[in-house]
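Undergrad: Using the numbering used here, the letters of the sequence shown correspond one by one to residues 23 to 598.
Sending over a structure as structure tokens; questions will come in a sec.
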Amino acid sequence: MNQLILGDNLEILRKMDRESVDLIYLDPPFFSNRNYEVIWGDDGEIRSFQDRWAGGISHYLEWLKERVTEMHRILKPTGSIFLHCDWHANSHIRVDILEKLFGYENFRGEIIWQRHNSHNDAKKKLAVLTDTIWYFSKNQHFTYNLIYTELTENYQESNYRLQDEKGFYASSDLTGSGVRTGESSVEWRGYNPTLKNRHWAVPNAILEANIGKERLKMLNTIEKLELLEKYNLIIFTSNGTPRFKRYLSHSKGNLVGNIWTDISNVQAQATERIGYPTQKPEKLLKRIIEMASNEGDVVLDPFVGGGTTIAVANLLNRQWIGIDQSVQAVKVSELRLWNLMDLFSKPFLTKLHKYDYDTLRYKDAFEFEQFIVHQMGGTPNLKQRHDLGLDGKTLENVPIQVKRSDNVGRNVIDNFYAAIQRADKRLYEKLKAENKVAGYIVAFSFGKGAIEEVARLRRAESLIIKLLRVEEIVPISKKPTLTVTATALEKDKKGIQEIHFKAVGQSAVGIEFYSWDFDYQADKGIFKANILLDKQGEQTYAFKAGQHHVAIKVVDNDGLENIEILPLKVNGKVTC
Numbered sequence: 023m024n025q026l027i028l029g030d031n032l033e034i035l036r037k038m039d040r041e042s043v044d045l046i047y048l049d050p051p052f053f054s055n056r057n058y059e060v061i062w063g064d065d066g067e068i069r070s071f072q073d074r075w076a077g078g079i080s081h082y083l084e085w086l087k088e089r090v091t092e093m094h095r096i097l098k099p100t101g102s103i104f105l106h107c108d109w110h111a112n113s114h115i116r117v118d119i120l121e122k123l124f125g126y127e128n129f130r131g132e133i134i135w136q137r138h139n140s141h142n143d144a145k146k147k148l149a150v151l152t153d154t155i156w157y158f159s160k161n162q163h164f165t166y167n168l169i170y171t172e173l174t175e176n177y178q179e180s181n182y183r184l185q186d187e188k189g190f191y192a193s194s195d196l197t198g199s200g201v202r203t204g205e206s207s208v209e210w211r212g213y214n215p216t217l218k219n220r221h222w223a224v225p226n227a228i229l230e231a232n233i234g235k236e237r238l239k240m241l242n243t244i245e246k247l248e249l250l251e252k253y254n255l256i257i258f259t260s261n262g263t264p265r266f267k268r269y270l271s272h273s274k275g276n277l278v279g280n281i282w283t284d285i286s287n288v289q290a291q292a293t294e295r296i297g298y299p300t301q302k303p304e305k306l307l308k309r310i311i312e313m314a315s316n317e318g319d320v321v322l323d324p325f326v327g328g329g330t331t332i333a334v335a336n337l338l339n340r341q342w343i344g345i346d347q348s349v350q351a352v353k354v355s356e357l358r359l360w361n362l363m364d365l366f367s368k369p370f371l372t373k374l375h376k377y378d379y380d381t382l383r384y385k386d387a388f389e390f391e392q393f394i395v396h397q398m399g400g401t402p403n404l405k406q407r408h409d410l411g412l413d414g415k416t417l418e419n420v421p422i423q424v425k426r427s428d429n430v431g432r433n434v435i436d437n438f439y440a441a442i443q444r445a446d447k448r449l450y451e452k453l454k455a456e457n458k459v460a461g462y463i464v465a466f467s468f469g470k471g472a473i474e475e476v477a478r479l480r481r482a483e484s485l486i487i488k489l490l491r492v493e494e495i496v497p498i499s500k501k502p503t504l505t506v507t508a509t510a511l512e513k514d515k516k517g518i519q520e521i522h523f524k525a526v527g528q529s530a531v532g533i534e535f536y537s538w539d540f541d542y543q544a545d546k547g548i549f550k551a552n553i554l555l556d557k558q559g560e561q562t563y564a565f566k567a568g569q570h571h572v573a574i575k576v577v578d579n580d581g582l583e584n585i586e587i588l589p590l591k592v593n594g595k596v597t598c
């Protein structure tokens, strides 16, 4: 299950299974000792900032090393880590943390990403234009996929200058440096590479694409050269040297190196911009994820920030886990993911400190069962029928039944008692003999009959069935309230009507932010925010004549939310 988790990443990492993650990208707060690092400004982020800055560079490194140590533990043997940092502490991070944990021999690269061009700082000193991304694998055998960058126009014009009926091509060498024995040094068409202290180096990829890998294995060097000539892929220079036609249309681009200047920082007008000051571009994460993981792999970002890593991982068909201590970071990332959702998107789970009673109580029954079983660290039963009423099991295979109801009665105990015996008689007898819990029933509350029957079974039959209230598994609270008013402004000459909205949320723990969907599809019920992060709760939007629905969400300091949907009719006058 893809997971977005609110909490201290150190605590969460410690609970994760060892060797369970394929790729880790982290962009921790830089060692800048500046208050502008506090971006969201909520309690969780401020606590983390103050903890980091309890005492200088040494404390910062220890704070980071604790977390990277856990990341090394949960990383699979074929996995890799990419740690994003800047000049303030990059050398310390490599030597004192990464090399000590991963080993010098597993250093894979120092990626230099140029974030922007020179600015006014350059008048006083050398401007810092780059970030460093340290790349380490866990072992010598690791996932690595070749990544190509697009060829620039200048490169194409200077290298692909020749042309025939198939298009532009470059004249490439068919030989490599040094003399070798065997067929790599035989003469062909009057040319002997050994006389030039070279050997044949035939490009097999183009032949494999034409005749297949198995047939290619059967050919010797001369036969390969003959075949290339047959396909009109060889030209001869004036002195008789054979050259290979490398067509522009066949080029994958240039293999990526460690200097990345082709990815711009997120600009103010970029469609992916969400208002997060240190937001990283999607192209940056796309390159990293495609380079060091495959479809279906698990990608972890323990400092999720604006959610770019998990959003890109989701689009690239990876599984993902995102963690952040900031309520705003988690909820903005959640809204960003909802904006990307379509019919083919996989579900994800958002884990908060507290959950709203109404949302849980009236959630889809099957989704609620899965959610509770996951929260218990168990495995849900994906069958919705003929499952004996068992909705999942713990890591020790103990049955779990989940009831999305209050005041559960004795009949539920009787049915569950029969079901756990039928499901796995041997396990039932074993747990009973060892005086261990034989099954869990989860509900919002239990009636007197259910409580008495569980007590009787334990006393009379030495059978332990444990009753758990939902609030014992996930803390429950009240979601914020929300009121919204709409005021029509002057209509322009084209009949476009501007409307000013004011949202007021109230919560005992305080309001974090508002989000707005001005084209809410009421029939689909999916909130896709036009405005992700609004701290004030006021927006003005222009509507054409017709029927519209506007949806407004409010999020409080616990991450709980409420939504208000306003139907609008714009036609001469505004009614809502």
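Note that CB positions come from ideal geometry on N, CA and C, so glycine has one too.
The model shown is predicted, which means the values in this text are computed figures rather than measured ones.
So L105 packs on I115, CB below 8 Å; how close in whole Å?
TA: Their Cβ separation, rounded to whole angstroms, is 6 Å, which keeps L105 and I115 in contact under 8 Å.
Undergrad: Which residues does DSSP list as the beta-bridge partners of F266?
TA: Answer is S194, I256, bridged to F266.
Undergrad: Kindly indicate which three-state DSSP category R19 falls into: helix, strand or coil?
TA: Limits of the chain in this structure are 23 at one end and 598 at the other, which puts residue 19 out of reach.
Undergrad: Kindly indicate which residue of I498, I281, K188, R340 has the alpha-carbon position closest to the one of N254.
TA: Comparing Cα positions, the closest option is K188.
Undergrad: Nearest-angstrom Cα distance between A567 and R137?
TA: Going by the C-alpha atoms only, they are around 43 Å apart.
Undergrad: If you measure between the beta carbons of A551 and H571, is that distance less than 8 Å?
TA: Their beta carbons are not under 8 Å apart, which means A551 does not touch H571 by this criterion.
Undergrad: Thinking C-alpha only, which one of K501, N457, L357, K376 is nearest F549?
TA: Minimum Cα distance to F549 is reached at L357.
Undergrad: For a test of the three-state rule: what should DSSP assign to Y58, helix, strand or coil?
TA: For Y58, the predicted structure reports a pLDDT of 38, less than 50, and the residue's modelled location is therefore unreliable. A value from the coordinates is still provided. Helix at Y58.
Undergrad: To which residues of the same chain is Y157 closer than 7 Å at the C-beta, ignoring the five residues directly before and after it?
TA: For Y157, where only same-chain residues beyond five positions count, the Cβ hits under 7 Å are S102, F104, R130, G131, I133.
Undergrad: Between which residues of its own chain and E33 is the CB-CB distance below 8 Å, once the five residues before and five after are set aside?
TA: Closer than 8 Å at Cβ, skipping near neighbours: no residue.
Undergrad: Looking at the strands, I want to know which residues DSSP matches up with F523.
TA: Looking at the DSSP assignment, F523 forms a beta bridge with A508, Q561.
Undergrad: Only counting the same chain, and skipping five residues up and downstream in sequence, which positions put a Cβ closer than 6 Å to that of Y379?
TA: Cβ within range, chain order: I498.
Undergrad: So what does DSSP say about V592, is it helix, strand or coil?
TA: In the structure shown, V592 sits in a strand (DSSP, three-state: E or B).
Undergrad: Across the region 379 to 395 and the region 418 to 433, are there enough close Cβ pairs to call them in contact, namely three or more that are closer than 8 Å?
TA: Judged by Cβ distances under 8 Å, the region 379 to 395 makes contact with the region 418 to 433, as three or more pairs qualify.
Undergrad: Rounding to the nearest angstrom, what Cα-Cα distance links E121 and I155 in this structure?
TA: So the two alpha carbons sit approximately 14 Å from each other.
Undergrad: Using the C-alpha atoms, what's the distance from G581 back to I394?
TA: Taking the straight line joining both Cα atoms gives about 18 Å.
Undergrad: Count the other CB atoms, across all protein chains shown, that sit within 10 Å of the CB of S180; report buried if there are 16 or more and exposed otherwise.
TA: That one is exposed.
Undergrad: Specify whether the region 280 to 289 and the region 298 to 312 touch according to this definition: at least 3 beta carbon pairs, one from each stretch, less than 8 Å apart.
TA: Cβ pair count under 8 Å is three or more, so yes.
Undergrad: By how many angstroms is the C-alpha of T293 removed from the C-alpha of A510?
TA: Their Cα atoms are separated by approximately 28 Å.
Undergrad: In this structure, how does DSSP classify A445 when only helix, strand and coil are distinguished?
TA: A445 falls in the helix class under three-state DSSP.
Undergrad: Count the other C-beta atoms from every protein chain shown that fall within 10 angstroms of the C-beta of F258, then say buried if there are 16 or more, exposed otherwise.
TA: Under this definition F258 is an exposed residue.
Undergrad: For T154, which three-state DSSP category applies?
TA: Strand.
Undergrad: Taking all protein chains shown into account, decide if Q601 is buried (16 or more other Cβ within 10 angstroms of its Cβ) or exposed.
TA: Here the chain comprises residues numbered 23 to 598, so residue 601 is not present and cannot be evaluated.
Undergrad: By the three-class DSSP mapping on this structure, what secondary structure does G411 have?
TA: If DSSP states are grouped into helix, strand and coil, G411 belongs with coil.
Undergrad: Taking the beta carbon of Y182 as the centre, do at least 16 other beta carbons fall within 10 Å, making it buried, or is it exposed?
TA: Under this definition Y182 is a buried residue.
Undergrad: Counting along the chain, where does the alpha helix (DSSP H) carrying S529 start and finish?
TA: Premise fails: S529 is in no alpha helix (DSSP H) and is neither H nor E.
Undergrad: Kindly list the residues whose CB is nearer than 6 Å to the CB of L247, restricted to its own chain and excluding five residues on each side of it in sequence; keep chain order.
TA: Closer than 6 Å at Cβ, skipping near neighbours: W210.
Undergrad: On the three-state DSSP scale, how would you describe S273?
TA: Three-state result, S273: coil.
Undergrad: State buried or exposed for Y58, treating a residue as buried only when at least 16 other CB atoms are found within 10 Å of its CB.
TA: With a pLDDT of only 38 at Y58, under 50, the local geometry of the prediction cannot be trusted, and the value read off the model is given with reservation. Y58 should be labelled exposed.
Undergrad: How big is the Cα-Cα spacing for K274 and E317?
TA: Near 21 Å, if we compare the C-alpha coordinates of E317 and K274.
Undergrad: Unbroken alpha helix (DSSP H) runs of length 4 or more, entirely within the region 345 to 379: which are they?
TA: Listed in chain order, the complete alpha helix (DSSP H) runs (minimum 4 residues) inside the region 345 to 379 are 349 to 362.
Undergrad: Using the Cα positions of L196 and V352, report the straight-line distance between them to the nearest angstrom.
TA: Computed Cα separation, rounded: 55 Å.
Undergrad: Could you spell out where the beta strand (DSSP E) holding G131 opens and where it closes?
TA: Segment 129 to 136, the beta strand (DSSP E) holding G131.
Undergrad: For the beta strand (DSSP E) containing K147, name the first residue and the last one.
TA: First-last for K147: undefined, no H or E at that position.
Undergrad: On the three-state DSSP scale, how would you describe I233?
TA: If DSSP states are grouped into helix, strand and coil, I233 belongs with the helices.
Undergrad: How would you label R481, buried or exposed, when you count the other beta carbons within 10 angstroms and need 16 or more for buried?
TA: Classification for R481: exposed.
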